[in-house]
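Trainee: Here the numbering used here = 1-based position in the sequence shown + 51.
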Amino acid sequence: MDTQPESHRLSRLWQALPADVRLSPHTYFVANDATGPWWILEPFQLPVSPDDMLPRPLPPFRVLSGLVDRFGNQLRYHRDADGEFAGQVTAVTDSSGRQFRLELVTLPAGIRLAAVWLVRDAAFPDLPSLPLARYDYSPRGELAAVYDRAGVKTRHFEWHPQHAGLMVAHRYTGRPAT
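1. When you compare the segment 118-126 with the segment 134-142, are there three or more beta-carbon pairs, one atom per stretch, that lie closer than 8 Å?
2. With H, G and I counted as helix, E and B as strand and the rest as coil, what does DSSP make of L115?
3. Can you tell me the Cα-Cα spacing of W65 and V143, whole angstroms?
4. Residues in its own chain within less than 7 Å of R113 by CB, not counting five upstream and five downstream?
5. Check this for me: beta carbons of V167 and A195, under 7 Å apart or not?
6. Report the residue from L181, S189, D187 whose alpha carbon sits nearest the alpha carbon of A201.
7. Compute the beta-carbon to beta-carbon distance between G148 and A132, rounded to the nearest angstrom, for a pair I have assumed lies under 8 Å.
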């Protein structure tokens, strides 16, 4: 059903969702509060392989494909269908139409975000030639540094040598470690 009675407390929030999402019989919505945000969960299938039985049924699980707040602002997550990062989120589109490409890297500790690129923005047709942000990791896969679009290190992280994942210091550029 696309409409809710106006008196229903979720009516305005429901109408803030994009129509294609509201009308899809395969979309699930999750919210931890009546005022949102809504997490949008949809089926995701990798491309058909020669071994697949056709037609393939929808997978029994759903993946996060978007987020919508009560004002209608939304993020849509795009996943690679094939290649090294098949099934991973590799792009994000916001409600103003800006599209960001997420550059991923495979480390021994797993897949990590290496950089964020602006690839489409109607308000600024001259796109930057450098990523908006870049990230470095320790050999164990822990976030070690964050760089801005000028390539300047803005944050630095230090981790306990014996306890993986235990941060022992955090530093903003030009400030002491905390």
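Here a beta-carbon is modelled for each residue, glycine too, at the ideal position from N, C-alpha and C.
Mentor: Let's see:
1. Touching, no.
2. Position 64 of the sequence shown, counting from 1, holds the residue named residue 115. The answer is strand: DSSP assigns L115 an E or B state.
3. Mapped onto the sequence shown, residue 65 falls at position 14. Mapped onto the sequence shown, residue 143 falls at position 92. Spanning the two alpha carbons is a distance of roughly 22 Å.
4. Sequence index remark: in the sequence shown, residue 113 carries index 62 (1-based). If we look at R113 and ignore the five residues flanking it on each side, its Cβ neighbours are Y79, L92, E93, P94.
5. In the sequence shown, counting from the first residue as 1, residue 167 sits at position 116. In the sequence shown, counting from the first residue as 1, residue 195 sits at position 144. Cβ distance not < 7 Å, so V167 and A195 don't count as in contact.
6. Within the sequence shown, numbered from 1, the residue matching residue 201 stands at position 150. Scanning L181, S189, D187 for the CA closest to the CA of A201 turns up L181.
7. Indexing the sequence shown from 1 puts residue 148 at position 97. Indexing the sequence shown from 1 puts residue 132 at position 81. No, G148 and A132 are not in contact; Cβ-Cβ is about 22 Å, not under 8 Å.
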